[in-house]
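Encoded as structure tokens, the structure appears first; notes follow it.
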Amino acid sequence: MLILATLASCGGVNKEGHLVPPSPPDVFQGYSMAHGADGSVIVTRNAPMFTNSDGAEARQAAEKLCPAGVKTSPNDRFQGGAWIFVGGCQ
């Protein structure tokens with residue numbers, strides 16, 4: 380069951396066993412958000428890309444893109460032009 384839940388979160392197989400495409404990223408005024416396979420939230424800025432010093436701006440974008448807000452963690456990190464919030468959306 381855990382495997383199906385993991386696959387469904389990033390596209391793959393739904394509860395009935397049917398293949399489903401991954402959901403498109405959410406977009407909000409110049410920012411995009413995708414969900415990692417581990418439940419994390421990955422936030423990017425369309426232009427220019429985020430830098431390591433843009434964590435506060437990335438968090439504000441994630442707060443707007445997640446319906447109930449984002450779960451922050453000391454393990455949140457910058458990686459390759461994106462900010463990753465490991466706690467995902469609330």
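Going by this note's numbering, the sequence shown opens with residue 380, and the numbers climb by one from there. All C-beta atoms, glycine included, are put in the ideal place defined by N, C-alpha and C.
Among the residues of its own chain, which have a CB less than 6 Å from the CB of residue 469, if the five just before and after it don't count? 447, 448 and 450
Identify whether residue 447 lies in helix, strand or coil by the three-state DSSP scheme. coil
Distance between residue 420 and residue 441 (C-alpha atoms, nearest Å): 8 Å
Give the DSSP-derived three-state secondary structure of residue 411 in the structure shown. strand
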